[in-house]
Amino acid sequence: MSDSHNQRYDCVVLGAGLAGLYAAYLLRQSNFSVGVLEARERVGGRVLTLRTLAHQQHAELGPEFIDSNHHRVIRLAERFNLTLSTRPDFWGVSPSPPFGRKAQRAWRQFWNEVYALAAQVPDRHAPWHAPESLHMLDCVSMRAFAERLGVWTAGEPLFRRYTQNMEATEPENLSVYSIAAQEAFYGKGVHAGVYRFVDGTDRLPRALADAFCALGGDLRLSAPVDAVEQTPDGVRVYARQAGKPLTVQASYAIVALPFPVLTQLEWRPAFAPWRVDALQCAGKGAVIRTLVQFRRRFWREEPFPRAYPDRADISAIWEATDLQAGESGVLSFWTGGDAARRWASLSEHARIDECLRVLEVMYPDCRAQVIAARSYDWQADPFAQHAYIHHAPGYLTEALPLLRQPEGRLHFAGDYLSLFVGYMEGALESGERAAHAVQDALRPPA
Ligand SMILES: Cc1cc2nc3c(=O)[nH]c(=O)nc-3n(C[C@H](O)[C@H](O)[C@H](O)COP(=O)(O)OP(=O)(O)OC[C@H]3O[C@@H](n4cnc5c(N)ncnc54)[C@H](O)[C@@H]3O)c2cc1C
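Those letters in the sequence shown? Residues 941 to 1386, by this note's numbering.
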């Protein structure tokens, strides 16, 4: 790693999450000089594996599951010899009483309508090119659509659990067209969440960073960017490292920062008004993940709890250690959407206590088995400020196609720019797209 404080690269990448790391790695593979500036003291951004648990067990505070069509993640795992595994022995439960027949029927009716809409999406790779009738539905929330169908009241608990678990928001904040577009984009036969990294998700960004550095790439950690200036022949980036100012120059920049952070930096010239407006349309998904390690895996002895709490802010509980050996085990508690916003005012201790209070209804003696616990609020993380994007009404058809555009010498990457909405695959795909665009600009076709 170079220690010069005034570097010039072909491309500087802002942010060493998966989007930035993959873009940097691809450009370096093509022999361009690349520097990466990362605010944290580690790579991976929202990929965060907890490795301080007892008995050498680990568990995820960020991403964990990989769909069968996340081909970039799967290919990189193969390239870096990282083992992915399916979940033959998976234990998970919703800590609310089972839903009745009426709710199930409402749920099916809603999805039948969504599948019918998905079949009408003309271009699944560019769903913003849609006839007026579909465009209009991008301004309709999941709740409003369910109300129109007359299935909201019966199905509300199921709709809420779905959006809290999958979209980190509530049905009022999610565009129904974006749900249909996602169905069309995925197509049939995709298995959701089938794979996990056996040794922890953080192995992926670490492997990418190692490969980038081995190719001679320049990675600077603990180097938060404050300002970015475009000049006639390039980009100048103002950061800090070890308390000292650090100025980096490059022909192009790939901005791979989470979208809530973008508007807090200084951009010279300022972002175009259309970008500022489009960024405001992006929905900040809220998630708090809580991990509790127990001496024994008592849930295995009684997979179906005897009782459920009346009401819980936790929408899912599952075992995080089913691929790991040992007598102890870790349960993962998911709090998403409005519940996560409410919990943001609680201390970490109070959040852990709330998880145990819910679990105690299901497993009365669980508290005595606790060895360790950690709760992480992604909204409070200064370098993320949200968990992942949800497509609020208007985002997909109005904002997303604009936000994917470069602005001068700035190209943009990040999971919020992909149709793999809020997934690691989306981060990689956006990084690949930005890297190819910069490559074309640096080496114009003959
Ligand atoms: C709780 C949770 C659960 C998830 N579950 C899944 C899942 O099961 N499967 C899945 O595929 N995805 C999941 N995701 C989504 C996945 O984590 C993201 O899609 C992906 O990691 C985003 O990568 P990124 O590079 O776009 O952004 P980030 O990882 O956020 O990277 C951006 C980088 O920019 C850095 N940065 C910020 N500000 C500055 C600055 N001023 N200067 C320099 N650097 C800066 C950040 O520190 C960070 O490293 C989950 C996310 C969360 C939070």
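We put the beta carbon where it would ideally sit given N, CA and C, even for glycine. On a predicted model such as this, the values are computed, not experimentally measured, just so you know.
CB contact below 7 Å: residue i versus chain D
i, result
"V1378", "No chain D appears in the structure shown, which is made up of a single protein chain."
Per DSSP, the bridge partner or partners of residue i
i, result
"E1259", "L1271"
"P1185", "R1180"
"A999", "L990"
"A1193", "V952 and L1350"
"F1099", "F1099 is not bridged to any residue."
"K1224", "I1329"
"Q1233", "V1270 and A1312"
"E1169", "R1176 and R1208"
"R1136", "S1025"
"R1045", "Note: R1045 sits in no beta bridge, so no partner."
Cβ distance (whole Å) where residue i is taken to contact residue j below 8 Å
i, j, result
"V1227", "L967", "Not quite, the Cβ-Cβ distance comes to about 31 Å (not below 8 Å), so this is no contact."
"Y949", "A1190", "4 Å"
"A1163", "L977", "5 Å"
"L1114", "S1073", "With 8 Å as the limit, L1114 and S1073 do not qualify as a contact, their Cβ atoms being about 19 Å apart."
"V1091", "Q1060", "Contact flag wrong, Cβ pair sits at about 20 Å."
"A1374", "H1351", "4 Å"
"Q1325", "P1200", "4 Å"
"S1118", "L1336", "5 Å"
"L1343", "L1357", "6 Å"
"W1031", "W1258", "6 Å"
"T1109", "H1330", "4 Å"
"G1002", "V987", "5 Å"
"C951", "I1311", "With a Cβ gap of about 46 Å, C951 and I1311 do not count as contacting."
For residue j and residue i, the rounded distance between their alpha carbons
i, j, result
"E1096", "H1075", "25 Å"
"I1006", "L958", "14 Å"
"W1068", "F1360", "15 Å"
"A1212", "Q1233", "48 Å"
"L1022", "A1167", "36 Å"
"P1304", "W1239", "11 Å"
"G1223", "E1112", "12 Å"
"E1369", "R1012", "7 Å"
"R1301", "A1247", "Reading the sequence as shown, one finds Val at residue 1301 and not Arg. So the two alpha carbons sit approximately 6 Å from each other."
"C1079", "P1333", "5 Å"
"E981", "I1014", "26 Å"
"S1287", "Y1316", "10 Å"
"Q1319", "A1280", "9 Å"
"H903", "A1132", "In this structure the chain extends from 941 to 1386, so residue 903 is not present and cannot be described."
"S944", "V1165", "At S944 the pLDDT is 46, less than 50, meaning the model places this residue with poor confidence; the figure from the coordinates comes in the next sentence. Each residue's Cα considered, the two are about 16 Å apart."
"A1381", "V974", "15 Å"
"D1139", "Y1363", "19 Å"
"H1289", "Q997", "21 Å"
"T989", "Q1204", "27 Å"
"R1235", "E1107", "32 Å"
"P1145", "R1045", "42 Å"
"R1383", "H1376", "10 Å"
Same chain, Cβ closer than 7 Å to residue i, neighbours up to 5 away in sequence not counted
i, result
"A1196", "V953, L954, G955, G957, A959, G960, A963, A1353, G1354 and G1371"
"K1042", "A1094"
"C1295", "T1230, V1232, I1254 and F1273"
"L1089", "Q1049, F1050 and E1053"
"A1147", "F1020 and L1022"
"E1004", "R1136 and T1141"
"Q969", "L1155"
"Q1181", "R1160, S1162 and A1163"
"G1269", "F1234, R1237, E1259 and T1261"
Neighbourhood of residue i by C-beta, 8 Å cutoff - its chain only, sequence neighbours within 5 removed
i, result
"M941", "Legend: pLDDT at M941 = 39, less than 50; position of this residue unreliable, no value from coordinates given."
"E1087", "none"
"V1130", "D1007, S1008 and N1009"
Any non-hydrogen atom of ligand 2 closer than 6 Å to residue i Cβ
i, result
"Y1363", "With respect to small molecules bound, the structure shown includes ligand 1 and not ligand 2."
Cβ shell of residue i (< 6 Å), same chain only, five flanking positions each side left out
i, result
"A1313", "V1232 and I1292"
"A1058", "A1120, E1123 and A1124"
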